[in-house]
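A quick write-up on the structure given underneath.
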Amino acid sequence: PNKRNFTLPELSPLQQLICLDNCLYDSDCPLVQKCCDIGCGPVCVEAIDVREDALLPPIPKIIYSKLGRGNKVEIRIESSANSTYYCHVEVRYHFGVSYAERKLSPWQCQLVEKIAEISDARSKRIDISFNLKPGYWYQARVAAINAYGFRGYSEPSKVFRLTHNPKPPKSPADVQVVSALFNGHHYVVKIAWCPSKSNLPIEKYKVIWSLYVRNNDESVITNETYVKDAHYFEIKELLPESSYYIQVQSISINGSRRLKSDKCSVLYNTTQPAEPYRPLRCSHHGHEQEQNIDTNSENPLSRTHERAPKPTTLAVSTVHGYEVNYRFSRKFGMIVHITGFLPHKEKVYELCPKESNCEQREYSAIRVKQDAVEFN
């Protein structure tokens with residue numbers, strides 16, 4: 001209701017003894033109660049005769065709710081046809097496999113789309129819809145509001161949710177090394193990544209860093225850890241003169257199921273010269289959004305080596321029109337993927353250090369494709 005001339009009921013002595021500061025504004029109170037100071041502190045009370053005021057529209061009813069196409073729910077509202085009003089819709093929800101009323105969030109305004117409106121002599125029916133997130137339970141209520149206020153909210157609807165399971169989260173849009181410190185024996189590097197987009201809460205991020213050792217066994221040394229409530233991590237004791245394949249994966253929980261994103265990766269070489277740090281390129285509502293990361297390491301030693309390698313999803317070299325990408329294989333180790341030229345089927349290709357002139361034959365082609373060649 002509005003601030004017209006409603007009067008407040010008198011409270012009993014017992015109510016006055018136990019009253020506390022349980023509100024500050026009218027919006028802190030449920031339904032059509034108002035926040036009023038009764039002497040010992042503000043409490044939520046209902047104004048007298050507010051539900052019988054003829055200038056206020058009747059309380060509407062939610063006839064039914066049903067799932068529509070895609071991720072939408074459709075709700076039918078019925079109210080009086082004798083007044084002009086606006087339907088204000090609120091929802092509350094919680095995430096989980098099973099419904100629990102105690103987990104529901106506070107009521108909050110919900111933007112809706114009107115589908116249809118049908119009126120007859122006595123009533124008006126309005127069909128609305130809005131989007132739902134997979135994995136959440138929802139409940140809705142509605143109020144009819146005009147220039148004088150509103151009489152109250154409808155009874156809450158039955159709970160509803162989408163029937164299909166939520167999808168895994170998106171992989172981080174970008175990951176890079178933002179600082180590196182050499183302590184005389186090992187490197188300590190700080191990596192940062194973009195937050196993953198997901199309909200479900202992100203439980204944690206998995207960080208993996210792998211070193212491919214070229215020896216008789218040609219083994220791969222892999223380490224991993226989990227990061228919660230942060231989008232950065234310090235990797236310690238990296239060997240100098242080495243290349244590391246660093247991956248970040250986001251993980252959500254849906255009941256007993258773990259939903260994992262694709263991995264976002266970067267190749268980091270401790271032998272390359274420093275490159276200038278660039279902001280993370282995080283996608284946001286279809287637009288590129290740059291995020292600046294604090295590159296100061298907690299290590300008291302000053303940084304002596306910095307670089308910002310590009311993600312492996314992008315070309316790292318375009319010499320003579322060739323594009324070079326990297327990916328990691330447990331069977332073959334580090335794979336170098338070169339596109340941009342037409343390989344010949346019966347030829348053997350070699351990938352060599354620039355200064356060796358291919359005399360050492362360090363790398364050999366393992367796969368020749370129609371428009372690319374790969375080396376390990």
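Note that UniProt numbering gives residue 252 to position 252 of the sequence shown, counting from 1, and the numbers run on in steps of one. The beta carbon of each residue, even a glycine, is placed where N, CA and C say it ideally should be. What you are looking at is a predicted structure, and each value in this text was computed from that prediction instead of being measured.
What does the alpha-carbon distance come out to for the pair residue i and residue j?
i	j	result
Q249	F130	31 Å
S252	I145	40 Å
G152	E117	22 Å
R69	R214	54 Å
A230	C194	10 Å
N22	E46	14 Å
A315	H94	Here A315 scores only 34 on pLDDT, less than 50, and its place in the model is too uncertain to base an answer on.
S243	K236	14 Å
V43	C35	5 Å
K310	G184	At K310 the pLDDT is 36, less than 50, meaning the model places this residue with poor confidence and gives no usable figure here.
P166	G41	46 Å
S105	P156	14 Å
Q108	N71	19 Å
Y99	C29	25 Å
residue 377	I335	The requested residue 377 does not occur in the structure, where the chain is confined to residues 1 to 376.
Y203	R92	Here residue 203 turns out to be Glu, not Tyr, going by the sequence shown. Going by the C-alpha atoms only, they are around 22 Å apart.
What residue does the beta strand (DSSP E) around residue i start on, and which one ends it?
i	result
N223	V220 to V227
I128	S123 to N131
A140	Y136 to N146
F150	G149 to Y153
E101	No beta strand (DSSP E) contains E101, which DSSP labels as neither H nor E.
R92	Y86 to F95
S119	E113 to S119
Any idea if residue i is buried or exposed, counting beta-carbon neighbours within 10 angstroms, 16 or more meaning buried?
i	result
residue 377	The requested residue 377 is not part of the displayed model; the chain covers only 1 to 376.
H285	For H285, the pLDDT reaches just 45, beneath the cut-off of 50, and the residue's location in the model is therefore unreliable, although a value from the coordinates is still provided. The residue is exposed, with fewer than 16 neighbouring Cβ atoms inside 10 Å.
residue 387	In the structure as shown, the chain begins at 1 and stops at 376. Residue 387 is therefore absent and cannot be evaluated.
L267	buried
K114	exposed
L111	exposed
S154	buried
Y205	buried
Could you tell me whether the Cβ of residue i comes closer than 8 Å to any Cβ of chain B?
i	result
Y93	The structure shown has no chain B; it contains just one protein chain.
One question on the structure: do residue i and residue j come within less than 8 Å of each other, judged by their Cβ atoms?
i	j	result
R102	Y136	no
V207	E224	yes
A173	S65	no
residue 379	L56	The requested residue 379 is not part of the displayed model; the chain covers only 1 to 376.
E74	K61	no
L67	T222	no
R76	D37	no
T270	L239	yes
A143	H88	yes
S265	S196	no
S83	S123	no
Using DSSP with H/G/I as helix, E/B as strand and the rest coil, what is residue i?
i	result
R51	helix
I62	strand
S243	strand
E74	strand
K236	strand
A180	strand
D37	strand
R214	coil
S196	coil
S261	coil
S83	coil
S27	helix
R281	strand
W107	coil
Below 7 Å, is the gap between the Cβ of residue i and the nearest heavy atom of the ligand MG?
i	result
E46	This structure simply doesn't include the ligand MG, nor any ligand for that matter.
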